[in-house]
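Note sheet for the following structure.
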Amino acid sequence: MNSFDGSGRPRSRPSDVFDRQGLQKSLSLIGLRASRWPNRKTRRRWKRKPTDSSFIGRRCLGAAIAVTAFVCLASPAWPRTSPDKRDEARRYYRLSQVQFDQGKTMEAIASVNKALDFDPGNSEAHYLLGFIRYQQSEYKPAVKEFKKAIKLNPYYTDAHNHLGLVYREMKDYDKALAEFQTALNDKSYRSPEKIHFNLGHLYLARDMYAEAITSFQKAVALNPTYLRGFLGLGTAYTRAGQKELADKALRKVVALGPDSPEAVEARQLLDRKVKQAGS
323 MNSFDGSGRP RSRPSDVFDR QGLQKSLSLI GLRASRWPNR KTRRRWKRKP TDSSFIGRRC
383 LGAAIAVTAF VCLASPAWPR TSPDKRDEAR RYYRLSQVQF DQGKTMEAIA SVNKALDFDP
443 GNSEAHYLLG FIRYQQSEYK PAVKEFKKAI KLNPYYTDAH NHLGLVYREM KDYDKALAEF
503 QTALNDKSYR SPEKIHFNLG HLYLARDMYA EAITSFQKAV ALNPTYLRGF LGLGTAYTRA
563 GQKELADKAL RKVVALGPDS PEAVEARQLL DRKVKQAGS
């Protein structure tokens, strides 16, 4: 059964998405084009004649344009959604979460799409749809949805983190690194060890063992009971040829969670090392 790990709701911050075409439209309404701003010589001439009525008129016009531009730039590009539609969107979004947790993937997709029909600006719904697509290994649709979530909320750390995972699966390592680093900039994120863990596996994929070890060390330092972190650390030590440290990390996994799936994998790695040593 799939599970949805949201790691908290996105922080509410104003979107940086603006309708920048609104400025040109506003200028056209008052009969002015953006290319008709005064040049340097004209500005100097006005400065020498501050009592000129044309100068005062142009200054007033400039102030009006500035106010209009501010209003236009402050208008979001996404269409406004009525409170009733937002409520319906949230209802379908919560339903999609429950359905996905129950393993009803197709029903979850239908519900989250319904949520987006009511409110296209719901960043959480775009994130959930991207997460589902990622779980289905549909990477291009996942990238599309995560990017939409980030466009709506640039501070959506979970979206940056999972976009990095998708890029890593697509072997676009530079973009993956950029997304993980952006996610790490959020000092208030509640599970930073997961980002360091993902970063560690990115370095393993690039055979950068020293960097991978450092990332996994940071992960387990932040969460001393993080089984996946110790398993990743043991794997990194193994590939780097540091057998004693690898054994220590893998045995830590078994000690912390003897019945966990991570412990099963750790025992397999330890048994493999014993067989290799005896051959």
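Everything in the sequence shown is counted per this note's numbering, starting at 323 for the first residue and increasing by one. Heads up, the beta-carbon is just placed ideally off N, CA and C, and yes, glycines get one too. Computed from a predicted model, the values in this text were never measured in an experiment.
Cβ shell of Tyr478 (< 7 Å), same chain only, five flanking positions each side left out: In the sequence shown, counting from the first residue as 1, residue 478 sits at position 156. Around Tyr478: Pro332, Ser445, Tyr449, Ala471, Ile472.
Neighbour-count burial assignment, Thr547, 16 or more Cβ in a 10 Å radius: Counted from its first residue, the sequence shown places residue 547 at position 225. By the C-beta density criterion, Thr547 is exposed, having fewer than 16 other C-beta atoms within 10 angstroms.
Endpoints, alpha helix (DSSP H) assigned at Thr560: The residue given as residue 560 occupies position 238 in the sequence shown. In the DSSP annotation of this structure, the continuous segment of the alpha helix (DSSP H) that includes Thr560 starts and ends at 549-561.
Expected contact under 8 Å - CB spacing of Phe538 and Gly554 to nearest Å: By one-based count along the sequence shown, residue 538 stands at place 216. By one-based count along the sequence shown, residue 554 stands at place 232. Contact flag correct, Cβ pair sits at about 5 Å.
Between the CA atoms of Gln421 and Ala437 - distance to the nearest angstrom: By one-based count along the sequence shown, residue 437 stands at place 115. By one-based count along the sequence shown, residue 421 stands at place 99. Straight-line measurement puts the Cα of Gln421 at about 14 Å from the Cα of Ala437.
Classification of Pro583 by the beta-carbon crowding that lies within 10 angstroms, buried from 16 upward: Here the question's residue 583 lines up with position 261 in the sequence shown. Exposed, because fewer than 16 other Cβ atoms sit within 10 Å of the Cβ of Pro583.
Helix, strand or coil at Asn545 [DSSP, three-state]: Taking the first residue of the sequence shown as position 1, residue 545 is located at position 223. Coil at Asn545, not helix or strand.
Span of the alpha helix (DSSP H), counted from its first residue to its last, around Asp439: Here residue 439 corresponds to residue number 117 of the sequence shown, with the count starting at 1. Taken as a continuous stretch (DSSP letters only), the alpha helix (DSSP H) holding Asp439 covers 427-440.
Classification of Glu566 by the beta-carbon crowding that lies within 10 angstroms, buried from 16 upward: Within the sequence shown, residue 566 is the residue found at index 244, counting from 1. Residue burial annotation: Glu566 is exposed, with fewer than 16 other C-beta atoms found within 10 angstroms of its C-beta.
Inter-residue Cα distance where the pair is Val596 and Ala568: Here residue 596 refers to the residue found at position 274 of the sequence shown. Here residue 568 refers to the residue found at position 246 of the sequence shown. About 12 Å.
Within 8 Å, strictly: CB atoms of Leu485 and Asn520: Here residue 485 refers to the residue found at position 163 of the sequence shown. Here residue 520 refers to the residue found at position 198 of the sequence shown. Contact: no.
Local conformation of Gly486 per DSSP, three classes: Here the question's residue 486 lines up with position 164 in the sequence shown. Here Gly486 sits in helix by DSSP.
Asn520 (DSSP reduced to helix, strand or coil): Here residue 520 is taken as the residue at index 198 of the sequence shown, counted from 1. Helix, per DSSP.
Sub-8 Å separation of Leu544 and Glu515 beta-carbons: Walking along the sequence shown from the start, residue 544 turns up at place 222. Walking along the sequence shown from the start, residue 515 turns up at place 193. Against a cut-off of 8 Å, the Cβ pair of Glu515 and Leu544 comes out as a contact.
Distance between beta carbons of Ala534 and Leu526, contact taken as under 8 Å: For the purposes of this step, residue 526 is identified with residue 204 of the sequence shown, where counting begins at 1. For the purposes of this step, residue 534 is identified with residue 212 of the sequence shown, where counting begins at 1. Right, their Cβ atoms sit about 5 Å apart.
Length at least 4, wholly inside the stretch 562-588: the alpha helix (DSSP H) runs in chain order: Segments of the alpha helix (DSSP H) lying fully in the stretch 562-588: 565-578.
Contact belief for Leu524 with Phe502 at Cβ below 8 Å, rounded distance in angstroms: Translated into the one-based positions of the sequence shown, residue 524 becomes position 202. Translated into the one-based positions of the sequence shown, residue 502 becomes position 180. About 7 Å separates the Cβ atoms of Leu524 and Phe502, confirming a contact at the 8 Å cut-off.
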